[in-house]
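Peer 1:
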Amino acid sequence: MAPKISLTRYLVEEQRVDGSIPAQLRLLLEVVARACKSISLAVNKGALGGVLGVAEAESENIQGEIQKKLDIIANDVLIEANEWGGHLAAMASEEMEGIHVVPNRYPQGEYLLLFDPLDGSSNIDVNVSIGTIFSVLRKPEGAGVSEQDFLQAGAKQVAAGYCIYGPQTTLVLTVGDGVAMFTLDREQGSFVLTQENIRIPEDTKEFAINMSNMRHWDEPVKRYIDECLLGKTGPRGKDFNMRWIASMVADVHRILTRGGVFLYPWDKREPEKPGKLRLMYEANPMGWIVEQAGGAASTGTQRILDIQPEKLHQRVSVILGSKNEVERAASYFAPV
Ligand code: P6P
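Residue numbers for the sequence shown, in this note's numbering: 736 to 1071.
(1) Using 8 Å as the threshold, is the region 1053-1068 in touch with the region 930-943, meaning 3 or more CB pairs across them?
(2) Between which residues of its own chain and alanine 915 is the CB-CB distance below 8 Å, once the five residues before and five after are set aside?
(3) Is the separation between the beta-carbon of phenylalanine 942 and that of methionine 977 shorter than 8 Å?
(4) Is lysine 1011 near the ligand P6P, judged by its Cβ being under 7 Å from some heavy atom?
(5) Taking the CB atoms as reference points, tell me whether glutamate 749 and isoleucine 740 lie closer together than 8 Å.
(6) For threonine 867, tell me which candidate among Glu830, Gly969, Pro955 has the shortest Cα-Cα distance.
(7) Whose C-alpha, out of Gly966, Gly913, Ile944, His988, is nearest the C-alpha of glutamine 903?
(8) How about phenylalanine 997 and glycine 1035: are their beta carbons less than 8 Å apart?
(9) Looking only at DSSP bridge pairs, what is aspartate 854 linked to?
(10) Put glycine 992 into one of helix, strand or coil per three-state DSSP.
(11) In or out: arginine 1050 buried (at least 16 other Cβ within 10 Å) or exposed?
(12) Measure from the alpha carbon of alanine 718 to the alpha carbon of each residue in Gln802, Gly844, Thr905, Arg873, then state which is nearest.
(13) What residues in its chain sit with their C-beta under 7 Å from that of cysteine 771, if we drop five residues either side in the sequence?
(14) Is tryptophan 1023 helix, strand or coil by DSSP?
(15) What is the DSSP secondary structure of aspartate 912, reduced to helix, strand or coil?
(16) Here's the rule: buried if 16 or more other CB atoms are within 10 angstroms of the residue's CB, otherwise exposed. What is glutamine 1037?
(17) With DSSP as the reference, identify every bridge partner of tryptophan 952, one or two as the case may be.
(18) With DSSP run on the structure shown, which of helix, strand or coil describes methionine 983?
(19) With distances taken Cα to Cα, identify the nearest neighbour of alanine 895 among Val767, Lys973, Leu813, Val752.
(20) With distance defined between alpha-carbon atoms, name the residue in Val956, Ile808, Leu813, Ala890 nearest to isoleucine 1042.
(21) Could you tell me whether the region 878-886 touches the region 813-828, using the rule of 3 or more Cβ pairs below 8 Å?
(22) How many Å lie between valine 880 and threonine 968 at the Cα?
(23) Classify lysine 803 as helix, strand or coil using the three-state DSSP reduction.
(24) Which residues in the same chain have their Cβ closer than 7 Å to the Cβ of lysine 1008, if we skip the five residues on either side of it in sequence?
(25) Got a sec, what are the start and stop residues for the alpha helix (DSSP H) leucine 776 sits in?
(26) Is glutamate 748 near the ligand P6P - that is, is its Cβ less than 7 Å away from at least one heavy atom of it?
(27) Would you call the region 956-972 in contact with the region 842-851, where contact means no fewer than 3 C-beta pairs closer than 8 Å?
(28) Are the CB atoms of leucine 853 and alanine 790 nearer to each other than 8 Å?
(29) The ligand P6P and glutamate 1017: does the residue's C-beta get closer than 7 Å to at least one heavy atom of that ligand?
(30) Return the Cβ separation of alanine 888 and leucine 1040 in integer angstroms, given the expectation that the two are a contact with Cβ distance under 8 Å.
(31) Starting from the N-terminal side, write out each stretch of the beta strand (DSSP E) that is 3 residues or longer and does not extend beyond the region 890-934.
(32) Ignore the nearest five residues each way along the sequence and tell me which others in serine 856's own chain have a CB closer than 7 Å to its CB.
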C-alpha cells in the first residue's frame, strides 16, 4: 500500500523540487487547509448545527447579496485562522467591502490572501456542493499594505485553490507546478494526496451555462451554445450534454475531473457589469488552476489572467475549461 502523502509532506517535497513553496507560503497553505476543515465541519452539520438559512437581520454583503449564516461563519473562520501566523500582510474577501489588515499585535508577513469563503451559498439550504475559493499574491515591496497592493493580474498569483464540500471534502491546489487534489481523511483529520498532475481533456461534449439567461446573451455566446444544441445535426457533428450546478467550485471540479466548458458570460441583464463572477475571488484562482491543468480561461476577448484589476470586487465574463472549446468560443468573439 503506497504511503498516504499528507498536504504537508506534498508541500515540503514540492519545495525540495523547485523551491516554489517557501516556509511562509507552506504555513499559509496549511492554515487555509485547516480553516477549510473547520468550514467543512460546520457545513456538514447543516440544520443540526443551526447554520442554515440567512444571516441575522438579513445582512447584505458588498455584492448586494443576502448573506447566509454559513457565509459569515466561513469568512470569520478564515480571518481568525490566518491573521496571527505571521505569513500574511492582509486579506480580502468577497464578503467584505475593504481589506482586512493583519492587526499590529501580530507579525506581518509577505503574502496577501484573497478568498470567496463560501461560493455557491444559494445551494447551502438544498444540500448541494459548495466550496471555498482562495488566491495568494505576494505583497509588493514597501512599508504597510493597501487595497492597491491587491490589484495584481491573476498571472501574478503564487498559489490558488479551492475546497469543495461535497460527498467528499476535497482540496485542489496549484503553486504553479501542476494541479493536485487532496481528500479529507476524517479519521486522521488530514488532507491526503489523492491525485496530482491533473489534466483537463482538450476536447469535450459537455457544457455548463445557466440556460435561463439565453435571451440576454451576446451573439457569440448564442452561436456557440446553439451549435452545441444542434449536436450531430449541426456543425459540431457530435451531441453535447449540459450541466449547471450553480456552484462554480462544483462545475470546475467536474471539469478538472472529466473535462467540459463553463460559461458565465456578460449579458444584457446588467449591461454596465462585465459579468456576474468576481475576478479576484473566482475567475483568477479558478482560471489559474484550469490553465495549470492544461485548460484555458478567457473572457471571450482576452486571457483572464492577463486582466489588470482596477477594483477589488470587479466582475468579469468567464469562459473556462477544455482548451479547444474555450478557443472555439473565443474565436466567435473575434471581429469578422
Ligand atoms: P446563477 C454562486 O453564487 C456563483 O457565484 C457561482 O458559484 C455560480 O457559478 C454562479 O454564481 C451561479 O449563478 O445566476 O446561475 O445563480
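From the three backbone atoms N, C-alpha and C, an ideal C-beta is built for every residue, glycine too. What you are looking at is a predicted structure, and each value in this text was computed from that prediction instead of being measured.
Peer 2: Concretely, from the data shown:
(1) yes
(2) Tyr745, Val907, Leu908, Thr909, Leu928, Gln930, Glu931, Asn932, Ile933
(3) yes
(4) yes
(5) no
(6) Glu830
(7) His988
(8) no
(9) Gly866
(10) As written in the sequence, residue 992 is threonine, which differs from the glycine given in the question. If DSSP states are grouped into helix, strand and coil, threonine 992 belongs with the helices.
(11) The Cβ neighbour count for arginine 1050, taken over all protein chains shown within 10 Å, is at least 16; the residue is labelled buried.
(12) What is shown of the chain runs 736 to 1071, which leaves residue 718 out entirely.
(13) Only Thr867, Cys898, Leu906 meet the Cβ criterion.
(14) Collapsing the DSSP output to three states places tryptophan 1023 in a helix.
(15) coil
(16) Residue environment for glutamine 1037: exposed (fewer than 16 other C-beta atoms within 10 angstroms of its C-beta).
(17) Asp1002
(18) helix
(19) Val767
(20) Ala890
(21) yes
(22) 57 Å
(23) In the three-state DSSP reduction, lysine 803 falls in the strand class (E or B).
(24) Arg1050
(25) 758-780
(26) Incorrect: glutamate 748 has no Cβ contact closer than 7 Å to the ligand P6P.
(27) no
(28) no
(29) yes
(30) A Cβ-Cβ distance of about 6 Å is found for the pair alanine 888 and leucine 1040, placing them in contact under the 8 Å criterion.
(31) Counting whole runs of 3 or more residues, the region 890-934 contains the beta strand (DSSP E) stretches 894-900, 904-909, 914-920, 925-930.
(32) Lys803, Leu805, Asp806, Ile865
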